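Student: Chains as they are written, first to last, in the working numbering: chain A, 1 to 470; chain B, 1001 to 1470. All C-beta atoms in this analysis are idealised placements derived from N, C-alpha and C, irrespective of residue type, glycine included. Quick caveat, the model's predicted, so the values are computed rather than measured. Starting off with a structure, shown below.
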């Protein structure tokens, strides 16, 4: 290709801005329209999740665009989960038995700002803010934007249009409404919603609880989590049913009910959240939805990417990582088929769809695991054995969590298939008393366990294959 | 309840008319609006599937409404699949090893006519035709209908509104568009579409191939099936990819291509379809979609039922049966909670949703099974063993197919869970040479197989349970 196409990207969030940066690096003329104001000038974080988990898949994509080091500077490493019981006791559960494997708490806004600034350093990138995409005409390959400042509508054409406009994507809505092709689509909500609260820094600006952990207060029907921020505060998120059970968002309406609920279920957290009543009443309750769809592209003209193509629930800490990985995989398709957009789009979806479906399903699994299983003895024993195996055989054992989170070269779908079989093998071996843990296991003992787990995992995969299951 | 509520039913198809009949029998005042003309007066079958499979679940619901005998009179029993290979050889594969277990080919239109006529015998039932529901206002509990005769729009209120308006339900669309609550929704299309063709009766009005079978021509990437009609004809359905593979709906556009395709793949069928070119060109290509959603109801006002709540692909022959079973289950909820619609609706969905999800998934499984597995040696051996087991132990062995089709008291979800485990057990036992078939098995030999299958099935279910899987 001698002359590069004009690219129109809808959305300058995390995915859109990384995509803009990368396509600019490849020489495309890139125009980006974002509905929100420029977050480098205005604080728009109210009510949105203000920190996220960044891990190896995300870093790999940031590295491709040369911005990994900038991101690293604003990261807070979290080495494991710190589980809080009702009495205020805490239990540490590392994310990995290997050295140097941890996830990072990072500010969504600060990372987005880095990406926007890096993208704008390229003279072939133009970013417009306050311009909301209303619809995309697939026939004309033309997007209509409404300016929030002037209230005017403008139509913009692109040789290619990317919908990086998140879970509520306008491009996806146009796919659905224009009915130009059979569009498979699903939106599935959990029965639970979420609400964000804050543990502020102490008087000296320090974190009041360990900043080296992701904190969890699992209670079965509901759950509280907390991730550290650079300013010494924590963003706390309550996951709770809308209308089921003794406590739910619909009936926690009075100050008394809210306080009673927290005092009974999360007393140690309550002591650290001074403005709980105001925050509970004023912060919005967010929905937890999974979006899947197909096809992502229309002819050689438009493509859905990031949350617009596959919004997932936050329980695996992979939403941002998956969207960044989209850019990485898309870039590799450009390496192969640049010049033929239709081929690029089809090869991209062919490769990517199974993996974004997998992380969506894994994230739902983790919703149940975090709520219930972290406090379940069988699960606890499994985690202990897995930590021991990873420590003793760092090259040969990888838990499902490690495959998903720290092994960016294993596709999500593979991590899911192998990881689920491995979990099943291990849980059944423990339940059948075929493996058990003691405080100090010898390498010999662990080797026997490793062998049993590998054999059982392979047998499970083989039996599923014969039965025609994945 | 002393005064019965006014019921408004949208749709007088199979589900809507059975529901109208049953609610009338319970004493409700029922008004039904149907978008199509009265099929007892006008032939509206063009391009729609004109025969369907009726089996035990459907009959159970028809029995509740006292119309099973009328239905039986227009049934053609099909005892098994007759599989046609490319050379024109045929292989019989019974649906069950038990006596008296078979499915029935029945005309959609004739059965619908029976239900309409029976419903209209009740003076508390009024049915309007040619009135298309455009939308339902959830706030006012009011449906808007457009009359196809006068083009006028009228608004109709009901104490309770049922959306029995099929896969393209207006009530469901209103749930989606009005955004009054979090509405989980999915529409998923297969890569294949379908087209109906006809094998006419011979000159004497007789069936040209066995009328005691559902005929299948499985070819991996595509498939032809045929069900008998009372007039001696067969309705043939071709399932074929829209745009993949050597032959697909997009490239089969010339008469030559169509004939070449059939000559190569389905020569014996081609010889029986005289008008293939005209029919192929003139009959529409239908899409194969699965619809799932939740919640089905809004407050104590509206409920989705039948295909409107759960459209499924036709490969298990259960679409109509599932919709009829809806009416049966709904009726049992009325027995328990009549007078409190919200409770009835919630209890109904609580009971029913898992089962309609299950039959949707089973129908997709069968799509692959019918295309591929019926010609697969492992699968064939499994079917043979299952027939032998059902014959030898009619009270103790039930294949997945039998549980779904002939055991109306086993809910779909249970049939799926047990049936899948049993299939997996049997396929793995065969693959590992732990069981094998010979032409004549002794009861003793079969007893050993039965025991192995039962043990393995239980072990699979137990291991899944420990792993937290269903």
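Measuring CB to CB, does residue 1145 (chain B) end up less than 8 angstroms from residue 1157 (chain B)?
Tutor: Translated into positions along the second chain, residue 1145 (chain B) becomes position 145. Translated into positions along the second chain, residue 1157 (chain B) becomes position 157. No, the Cβ-Cβ distance between residue 1145 (chain B) and residue 1157 (chain B) is not below 8 angstroms.
Student: To the nearest whole angstrom, what separates the beta carbons of residue 1197 (chain B) and residue 1265 (chain B), a pair I think is in contact under 8 angstroms?
Tutor: On the second chain, position 197 is the one that residue 1197 (chain B) refers to. On the second chain, position 265 is the one that residue 1265 (chain B) refers to. Actually they are not in contact, since the Cβ atoms of residue 1197 (chain B) and residue 1265 (chain B) sit about 13 angstroms apart, beyond 8 angstroms.
Student: Counting C-beta neighbours from all protein chains within 10 Å, is the total for residue 1251 (chain B) 16 or more, i.e. buried, or is it exposed?
Tutor: One-based indexing of the second chain puts residue 1251 (chain B) at position 251. Exposed: under 16 other Cβ atoms inside 10 Å.
Student: Within 10 Å of its beta-carbon, does residue 350 (chain A) have 16 or more other beta-carbons around it, so buried, or fewer, so exposed?
Tutor: Position 350 of the first chain, counted from the start, is the residue given in the question as residue 350 (chain A). The residue is exposed, with fewer than 16 neighbouring Cβ atoms inside 10 Å.
Student: Tell me the DSSP secondary structure of residue 1377 (chain B) in three-state form.
Tutor: The residue you call residue 1377 (chain B) lines up with position 377 of the second chain. Helix, per DSSP.
Student: Under 8 angstroms, do residue 212 (chain A) and residue 316 (chain A) count as touching if we go by C-beta distance?
Tutor: Along the first chain, read from residue 1 onward, the residue named residue 212 (chain A) stands at position 212. Along the first chain, read from residue 1 onward, the residue named residue 316 (chain A) stands at position 316. No, the pair does not count as a contact, with Cβ atoms beyond the cut-off.
Student: Determine contact between the stretch 1015-1028 of chain B and the stretch 1457-1468 of chain B, defined as no fewer than three beta-carbon pairs at a distance below 8 angstroms.
Tutor: Flag = no, the stretch 1015-1028 of chain B and the stretch 1457-1468 of chain B do not touch.
Student: Could you check if residue 290 (chain A) is buried or exposed, using at least 16 other CB atoms within 10 Å of its CB as the buried criterion?
Tutor: As a position in the first chain, residue 290 (chain A) is number 290, starting the count at 1. It is buried - the Cβ of residue 290 (chain A) has at least 16 other Cβ atoms within 10 Å.
Student: In three-state terms, what does DSSP make of residue 295 (chain A)?
Tutor: If you number the first chain from 1, residue 295 (chain A) lands on position 295. Coil, per DSSP.
Student: In whole angstroms, give me the CA-to-CA distance for residue 1423 (chain B) and residue 1454 (chain B).
Tutor: In the second chain, residue 1423 (chain B) corresponds to position 423, counting from 1. In the second chain, residue 1454 (chain B) corresponds to position 454, counting from 1. If I take the Cα positions, the gap works out to 11 angstroms.
Student: For residue 133 (chain A), which residues does DSSP report across the bridge?
Tutor: Within the first chain, residue 133 (chain A) is the residue found at index 133, counting from 1. Bridge partners of residue 133 (chain A): A:145.
Student: In terms of residue numbering, what span does the alpha helix (DSSP H) encompassing residue 1363 (chain B) cover?
Tutor: Against the second chain, residue 1363 (chain B) aligns to sequence position 363. Segment 1341-1371, the alpha helix (DSSP H) holding residue 1363 (chain B).
Student: Ordered along the chain, which non-local residues of its own chain (more than five positions away) have a Cβ less than 7 angstroms from that of residue 1334 (chain B)?
Tutor: On the second chain, residue 1334 (chain B) is found 334 positions in, with the first residue counted as 1. Contacts found: 1026 and 1344.
Student: Return yes when the Cβ of residue 1223 (chain B) is within less than 8 angstroms of the Cβ of residue 1234 (chain B), no when it is not.
Tutor: The count along the second chain starts at 1 and reaches residue 1234 (chain B) at position 234. The count along the second chain starts at 1 and reaches residue 1223 (chain B) at position 223. Contact flag unset, no.
Student: Which residues bound the alpha helix (DSSP H) around residue 332 (chain A)?
Tutor: Here the question's residue 332 (chain A) lines up with position 332 in the first chain. 319-337 is the span of the alpha helix (DSSP H), which, as asked, contains residue 332 (chain A).
Student: Would you give the residue range spanned by the beta strand (DSSP E) that residue 1241 (chain B) belongs to?
Tutor: As a first step, residue 1241 (chain B) must be located in the second chain, where it is residue number 241. Taken as a continuous stretch (DSSP letters only), the beta strand (DSSP E) holding residue 1241 (chain B) covers 1234-1241.
Student: As an exercise, report each continuous beta strand (DSSP E) stretch of at least 3 residues that is fully enclosed by the stretch 1025-1066 of chain B, in chain order.
Tutor: Listed in chain order, the complete beta strand (DSSP E) runs (minimum 3 residues) inside the stretch 1025-1066 of chain B are 1029-1033 and 1051-1054.
Student: Given residue 1347 (chain B), which residues of its chain have a CB within under 8 angstroms of its CB, disregarding the five upstream and five downstream residues?
Tutor: Sequence index remark: in the second chain, residue 1347 (chain B) carries index 347 (1-based). Answer for residue 1347 (chain B): 1333, 1336 and 1337, listed in chain order.
Student: Quick check: the Cα distance between residue 1160 (chain B) and residue 138 (chain A), rounded to an integer number of angstroms?
Tutor: Locating residue 1160 (chain B) in the second chain gives position 160, where the first residue counts as 1. Locating residue 138 (chain A) in the first chain gives position 138, where the first residue counts as 1. Using only the alpha carbons, I get a separation of about 40 angstroms.
Student: Would you list, in sequence order, the uninterrupted beta strand (DSSP E) runs of no fewer than 3 residues that lie entirely inside the stretch 89-118 of chain A?
Tutor: Those beta strand (DSSP E) runs which fall completely within the stretch 89-118 of chain A and span 3+ residues are 90-94 and 103-107.
Student: Along the alpha helix (DSSP H) that carries residue 1282 (chain B), what are the first and last residues, could you check?
Tutor: On the second chain, residue 1282 (chain B) is found 282 positions in, with the first residue counted as 1. 1276-1282 is the span of the alpha helix (DSSP H), which, as asked, contains residue 1282 (chain B).
Student: Within the 8 angstroms Cβ cut-off, does residue 47 (chain A) reach chain B?
Tutor: Residue mapping note: residue 47 (chain A) aligns to position 47 of the first chain, counting from 1. Interpretation of residue 47 (chain A) is limited by its pLDDT of 45, a score under 50 that renders its predicted location unreliable; the figure taken from the coordinates is listed afterwards. Chain B, which has no Cβ nearer than 8 angstroms to the Cβ of residue 47 (chain A), makes this no.
Student: Indicate whether at least one CB of chain A lies closer than 8 angstroms to the CB of residue 1466 (chain B).
Tutor: Locating residue 1466 (chain B) in the second chain gives position 466, where the first residue counts as 1. Closer than 8 angstroms: yes.
Student: Closer than 7 angstroms, Cβ to any Cβ of chain A: which residues of the stretch 1167-1194 of chain B, in chain order?
Tutor: Residues passing the 7 angstroms Cβ filter: 1182, 1184, 1185, 1186, 1187, 1188 and 1189.
Student: Can you tell me whether DSSP reads residue 155 (chain A) as helix, strand or coil?
Tutor: For the purposes of this step, residue 155 (chain A) is taken as residue 155 along the first chain, with counting starting at 1. Three-state DSSP puts residue 155 (chain A) in a strand.
Student: Give the interface partners of residue 1431 (chain B) over in chain A, defined as CB-CB distance under 7 angstroms, in chain order.
Tutor: As a first step, residue 1431 (chain B) must be located in the second chain, where it is residue number 431. Those within 7 angstroms of residue 1431 (chain B) in chain A are 466.
Student: Just the chain C side, please: which residues come within less than 7 angstroms of residue 360 (chain A) by C-beta, in chain order?
Tutor: The structure shown contains no chain C; the protein chains it does contain are A and B.
Student: What would DSSP say about residue 405 (chain A), mapped onto helix, strand or coil?
Tutor: Here residue 405 (chain A) is taken as the residue at index 405 of the first chain, counted from 1. Helix.
Student: Listing by chain order, which chain B residues have their CB less than 9 angstroms from the CB of residue 428 (chain A)?
Tutor: By 1-based counting over the first chain, the position of residue 428 (chain A) is 428. Ordered by position in chain B, the residues that pass the 9 angstroms Cβ test against residue 428 (chain A) are 1462, 1463, 1466 and 1467.
Student: Below 8 angstroms between beta carbons: does that hold for residue 427 (chain A) and residue 382 (chain A)?
Tutor: In the first chain, counting from the first residue as 1, residue 427 (chain A) sits at position 427. In the first chain, counting from the first residue as 1, residue 382 (chain A) sits at position 382. Yes, Cβ-Cβ distance for residue 427 (chain A) and residue 382 (chain A) is below 8 angstroms.
Student: Does the stretch 1384-1399 of chain B come close enough to the stretch 1079-1099 of chain B that 3 or more CB-CB pairs lie under 8 angstroms?
Tutor: Yes, the stretch 1079-1099 of chain B is in contact with the stretch 1384-1399 of chain B.
Student: Using only CA atoms, which one of A:171, A:436, A:77 and A:151 lies nearest to residue 295 (chain A)?
Tutor: For this step, residue 295 (chain A) is matched to residue 295 along the first chain. Checking every option, the nearest Cα to that of residue 295 (chain A) belongs to A:171.
Student: Can you tell which of A:446, A:218 and A:414 has its C-alpha closest to the C-alpha of residue 91 (chain A)?
Tutor: To locate residue 91 (chain A), count along the first chain from 1; it is residue 91. Of the candidates A:446, A:218 and A:414, the one whose C-alpha sits nearest the C-alpha of residue 91 (chain A) is A:218.
Student: Please confirm whether residue 1065 (chain B) has its beta-carbon closer than 8 angstroms to some beta-carbon of chain A.
Tutor: In the second chain, counting from the first residue as 1, residue 1065 (chain B) sits at position 65. No, residue 1065 (chain B) does not count as interfacial toward chain A.
Student: May I ask which residues mark the beginning and end of the alpha helix (DSSP H) holding residue 1270 (chain B)?
Tutor: Your numbering for residue 1270 (chain B) matches position 270 in the second chain. Taken as a continuous stretch (DSSP letters only), the alpha helix (DSSP H) holding residue 1270 (chain B) covers 1267-1270.
Student: Measuring alpha carbon to alpha carbon, tell me which residue in B:1339, B:1434 and B:1363 is nearest residue 1004 (chain B).
Tutor: Against the second chain, residue 1004 (chain B) aligns to sequence position 4. Selected option, being the one with the closest Cα: B:1339.
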